[in-house]
Every structure is written in structure tokens, then in C-alpha cells.
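First comes the structure, then the notes that go with it.
Number of protein chains: 2
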Amino acid sequence: MKNEKKAVASGSKKAGKSEAYKKAGVNIDLAVSLLSGLKKKISTTRRPECLAPIGGFGGMFRIDLKRWKKPVMVVSTDGVGTKLMVAQMMGKYESVGHDIVNHCVNDIAVQGAEPAYFVDYIGTGKLQAKMYQEVLTGLADACLEQNMTLIGGETAEMPGMYGDDFDLVGCITGIVEEDKIIDGAKNIKAGQVAIGLTSAGLHTNGFSLARKCLFEQGGLTVKSKPKALGGKTVGDVLLAPHRCYWKAIQACLAAGIHLNGISHITGGGFYDNVPRILPDNVSAVFDTTVIDVPPIFKLIQELGDVDPYEMYRVFNMGIGMVFFVPKKDVAATLKLCKGAGYEALVVGETVKGDRTVTCKL
Amino acid sequence: MKNEKKAVASGSKKAGKSEAYKKAGVNIDLAVSLLSGLKKKISTTRRPECLAPIGGFGGMFRIDLKRWKKPVMVVSTDGVGTKLMVAQMMGKYESVGHDIVNHCVNDIAVQGAEPAYFVDYIGTGKLQAKMYQEVLTGLADACLEQNMTLIGGETAEMPGMYGDDFDLVGCITGIVEEDKIIDGAKNIKAGQVAIGLTSAGLHTNGFSLARKCLFEQGGLTVKSKPKALGGKTVGDVLLAPHRCYWKAIQACLAAGIHLNGISHITGGGFYDNVPRILPDNVSAVFDTTVIDVPPIFKLIQELGDVDPYEMYRVFNMGIGMVFFVPKKDVAATLKLCKGAGYEALVVGETVKGDRTVTCKL
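Chain order of the listed sequences is L and V. All the letters of the first sequence, read from the start, carry residue numbers 5 to 365 under the numbering used here. All the letters of the second sequence, read from the start, carry residue numbers 5 to 365 under the numbering used here.
Encoded structure:
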């Protein structure tokens, strides 16, 4: 079921329904008709650089050479992981559309890249209309929020695979001027400050452990409202969309802040994500006691009896992104982040070292 | 398990093994160590435009403005579908790595785009070393064959999803000069000739129907050697890698052939894929009697008692790509394709019409 997002406008008039294929479990017509209903929504994400009319094979995006002098394409791909299983349990799918987009935007924004275009992939054993429509709606809305074109995609119905599950994958491309790439290994030195931007919860990482602790060990369900979550259901708290930090980065760059390095805190937490951008002779020290850890993490830790170190090794623990800035830029950075709608606080510093991360737990 | 392809070179020295996470079914260390062994292989695909050292978040690819005057990025994504289940049954995974790359290259090559970089995604319930290594080896080899960089990727281990299966998705980006985009809707007129390039078999489409006909209805297994396949096993014939047609397109473009339109014959066959590139007032007529249909298609048709029309609606039936050229270019095109290592033949023509496809069956 190839490129059906693009096949809507075409399709031979002589081609009837594929009955044998349908009996084999693949319903091309459903995908085409669902997509047709979403066309208007998707077209709202179209930027002027887009050339391809819906109907071709590949999406086309022109590089605007009036704007970009030495354009570098920054590319990343990711999935939503087993957060999808929580979406399934809840029967709510829009938020995972936001998750995949926002996660991918963050992954390239750390290098200073402006999001340009996005493609999605949905794999499933049997295509469900509600899931498909909600995921695509969330995806398109999230793309629009970041001024990014949803330029293509693929939905694959694979009978006999996936069972009742589905997978959702995104691939993002952004653009950055070559001399403006944010490169921590080059610019981070000892004596700089780590500013943390708060997360919306788990984002899209650590769900296998979270499900085990909350559901298996803790006996909760997505509908449970444990006291710790203040009236919210476990499912709703878990599904809170991945926060996108691009607008904070944009605001800081526009104001001339020296963003020496940026780390997206995903699976692996501070321990795995921060060393990626540190130079060999610098280490980072975080004071996690200043972080207002969201209640969902405490609940996971308690019900699963997870070691505190382990928690910081798997989850973001309330900080979804870290900026490394010179001391002189700290106050302005905090203000700019706040102005862009984010909560930010000083969470650590860089010291002479060997590219390791230490957390005061 | 984020971006572990890129995380190999980093990782905090203080970070120990994630025991709780491992118990929850996610083995980060295995993925990292497997990837480490594949680094050399992957690095062979590195083009000079690549900026990112292994270790960052997003892969970086510089647009060479000495070479490209008005660069347009052409983007496509696809999966391998249930061909993966045949790979599983055979325990052979290298060929599907070639499949995903070659399929994606064809999807952008039809617009005249030169492959530039590729990202892969592997989703699985439990990461298997053999599968991972073979898939990545096939992927990297196929990228190298097309002078394309394997610039990034993601492997997601999702316990409780996928069962024993896995999914494989690719996203490709190529580059084309804006004034050299191949646009059938603009350039195809009545009276042109359709040249078909032979396929290697099913490529990556129609596997759900094929599996039903061969295995369920026909009672065969992947190890069966039915007389029709001349001594080969069903599994080996089914796994024949998707043929990549870029080198034929390149040869024709370099020789100044008027490639007015190109269609990649994937799921939907001639009926669905050709109309995508036809102008509103042109139809295409194919004489399928000239096609030497590979025995595997005949076997599927026979065992599943599939209507001939249906066969051409689902499968490529032996023709994986169609070029539309002016009559005067036919002989040269056939010769160039042959010179580039492809079998090509005249399979049809364009007539005045209404964007429909008719096949003389």
C-alpha cells in the first residue's frame, strides 16, 4: 500500500476494488478514503517552498537560496515507542501525533536547525479509522505549530503483523546555516551554566519501564486516579504530549544568546544525552534537588521500587532540554524562555573533567 | 532507545547498565554493542557533503552549491511490508535491507532526483542480533551501491509490541535541479512509447496476497521447490531484492533522452501507478502479452485462483518501472538500459484519453 497519501488524487478510473487483496487483509480503499478526508488539514502545513502537488511519488521542497547562504540539512528519525500502547488503552490518538513531531523537532533543534518538512509512517496489522484520523490530525496540527510541512507519508497495513498494535515513525528535516550549527563539543567550556527547561512528563521515553511499574507492579490502570496525580488519570498524565522547545531556542538565537550546546533529554536521561555534546575535557554536574520532579515520576519510582540513579538513567525527570550558556547570559536566557512560554531554571554547571555526568541526587 | 546509532561514540563513562530497564525488556547495551560492530560498514557510505561526526543528534548534509543551482529536495518514505515475514521464515535478512533502499531510490528517481541520504527505522519487540546485523549490512551495501549516505537511523525495542516480528522503514532524500524535475503530467502526450524495465520478482509489493495464495491456499512453505520455479525455493524467489532503476535513469538522462515521465510499478501495478503521472487528456495502453511474466506470478495466480486483472492490479507482473519516451528515442533508450545492465522492452503507448490505464491481458 504505497504512498497512498499521495495516491488520493490519482488512481485509475478503470481500476475497481481489489477484492482478492481485501480478502487477504489489505484494504486500500479505506486508506485512500480516510486520507481524502484529511487532505485539507494536511494542506494547511504546506510551505511556499513545496513544489509537489499531491499526486507525485516523492514530496518536493525547494531550498530558498535567497535566504540560505550555506544550507545544511539536518535529519533525524524516531518513533513513539510503547507510549503507543497507552494511547491504545485510552483510545486517544491525537497526542501521539504531537509526540512524534515534537520529539523530532527537538532532535534537530539542538543543532540550531529550523524545522522544514516531515514525513510519517504508520504500520499496522489492520487499519483503524479512528486511530488513523486522530494520529494524522495530531501530526498535522503539530507540524503547523512549528511551521513545518507534512510533505509525505506511508501507511502500511500488514495482516498478520502487529496484532492489534500499530507503530508510528517520523522523519524530520531541518535547515541550518553551516556557520551557525550549534556544536557543544566545540563551544562548551568549564565554568558554563546548564539551564533546564521543564518537561511535560515522560515525553516519549521510558514507557516500557513505566508500564511495568505502574500497571504490572502497581496494579494501576490507565483509568486509575491515584492521589499523587491530583485527580488526573494515569492515562492522561502519561499521554501528555512531548514538549517542543524550538520556540525557546529560536528566541534565544534571535536575541544573540550564546547557546554553546543543547541537549535533548530523552531516553538515557542526563547520563546518556549530555555527554554527547561535551568536549573531552569537560564534565557536567547537575543538582537535581532544585528540580520540581513531576508526581508521575515519583509514582513510578515508588510503585516499581526503582533506584533513584536508575530513574535519572531512564527518564527525563522533569527536564526535557538543557542549554549550556555563559554565566553572563543566564538571566537573559531565563527571561527569554519564560517569554516564549517555557519554565526554565539553572540545573547545573560545567567543570573541568572527562566528559562525564554527575547528578547530585 | 533513542538514536543509538549515533550514541555509540558517546555515552557517559559513569553510566552503568540499566538493570531495571533491561528487566522491563529493553536492552540498550545490546543495541549499542551491535551498532558498534557495524560502524565501519556504515561509515563507507559517508559522502563528502556529510558534516556530522557520529555522536550528534541529527545527521547533517551540506548542499553543495557549486554543483546545484536551484536544488530541490525530493523526499519519500516506505516500508518493506510483509515481505519481512518471509525473511523471518527464511532467517535471512540482508535482502530486505536492499529492498527498502532500492524501493525508496526508485520512488524519488522517477522525478529525476539523485539519491543523497537515507535513514532507517527498525521496530521490534525484542532485538535479535542476527536480524539487526544482516539488515544493517544489506542497507549499508545498498546505500553504497547508489552512492548514498546512511546518515542516521533508529532502532526501537518495544516489549509487548510486534511479538516475534519486526518492521523496517526507510526515508530517503534526493536532490534534483528545479528545471530538470521529471514531470509526466507536463510532458507526456499521446503518441509516446512506454518502455518497461523488467523486475526481479515481487519486489516489495503484494506479499499479503502472495503469502495467502502460496502458503495458505497452495500449502507450500518457503522451503518448497515447486517445478515452476526451476529448482529454486519459494522463499529465495520471494526474497529476490527489489531492483533499483536509478542507474538506467542516470544513463538516459546523461545521454539526453527525453524521459517525459517515469512510473515506479509498485503495489497497484500499472493501474494505480501510471495514472499518477499522466496528464488529464492522455491514457496509457499496455500490451501485457509481450511481457515475460516471471514464474512466481503464474504460481501465485494458479494456486490462489486469482483473476488476471486482479494480478495486474496488485503485482508488478515482471515490469518494475516504466519510462515514457518519444518514438524517436525508443531505440536509444533500449540500448542505454541494456548497457546499464537492465532488460527493457516496449510495453505500451500513450493515446488521447482521460488518464486511464488499459491492459490487454
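Just so it is clear, CB atoms sit at the ideal spot from N, CA and C, and this is done for glycine as well.
Within chain V, the residues that R66/L reaches when beta carbons sit closer than 9 Å: K74, P75, V76, M77 and E182
For H268/L, three-class secondary structure by DSSP: strand
Proximity of M162/L and T362/V at Cβ, strictly below 7 Å: no
Pair within 7 Å by beta-carbon distance, A335/V and C341/V: no
Residues from the segment 85-103 of chain V in contact with chain L, defined by Cβ distance under 7 Å: G85, T86 and M89
At least 3 beta-carbon pairs within less than 8 Å: the segment 128-141 of chain L vs the segment 187-197 of chain L: no
Amino acids of chain L, ordered along the chain, whose beta-carbon sits closer than 7 Å to that of E353/V: Per Cβ cutoff of 7 Å: no residues; E353/V is ~16 Å from chain L at best.
Short CB-CB distance (under 7 Å) between L213/L and chain V: yes
Spatial neighbours of T141/L in its chain, beta-carbon cut-off 8 Å, leaving aside the 5 residues before and after: L42, K45, E98 and G101
Proximity of S228/L and G322/L at Cβ, strictly below 7 Å: no
Among L303/L, G324/L and G235/L, nearest to G272/L - alpha-carbon criterion: G324/L
Rounded straight-line distance, which links the Cα of Q92/L to that of E220/V: 30 Å
Proximity test, Cβ basis, 7 Å: I155/V and chain L: yes
is_contact[Y125/L, chain V] using C-beta, thresh 7 Å: yes
Nearest-angstrom Cβ-Cβ length linking D291/V and K364/V, presumed shorter than 8 Å: 5 Å
C3/V in three-state terms, based on DSSP: With chain V running from 5 to 365 in the structure shown, residue 3/V is simply not present.
Where C175/V meets chain L, residues with beta-carbon distance less than 7 Å: T81, V123 and C175
Same chain, Cβ closer than 6 Å to V318/L, neighbours up to 5 away in sequence not counted: G210 and L213
Residue-chain proximity (E118/L, chain V), Cβ-Cβ < 7 Å: no
Length of the line joining the Cα atoms of I186/L and S267/L: 10 Å
Interface residues of chain L facing E138/V [CB-CB closer than 9 Å]: What E138/V touches in chain L: nothing, since even the nearest Cβ is about 19 Å away.
DSSP bridge partner residues for F170/V (one or two, in chain order): T128/V
Listed by chain order, chain L residues near V30/V by CB distance under 7 Å: S212
Minimum Cβ-Cβ distance from V310/L to chain V less than 7 Å: yes
Close-in-space but distant-in-sequence residues of the same chain around D284/L (CB under 6 Å, 5 per side omitted): R359
Residues within the segment 289-301 of chain L neighbouring chain V, beta-carbon criterion of under 9 Å: none
Under 7 Å between C-beta atoms of D171/L and L143/L: no
Separation of G178/L from D169/L, as counted between CA atoms: 30 Å
Extent of the continuous beta strand (DSSP E) run through G101/V: Note, G101/V: premise wrong, no beta strand (DSSP E); alpha helix (DSSP H) at E98 to A113.
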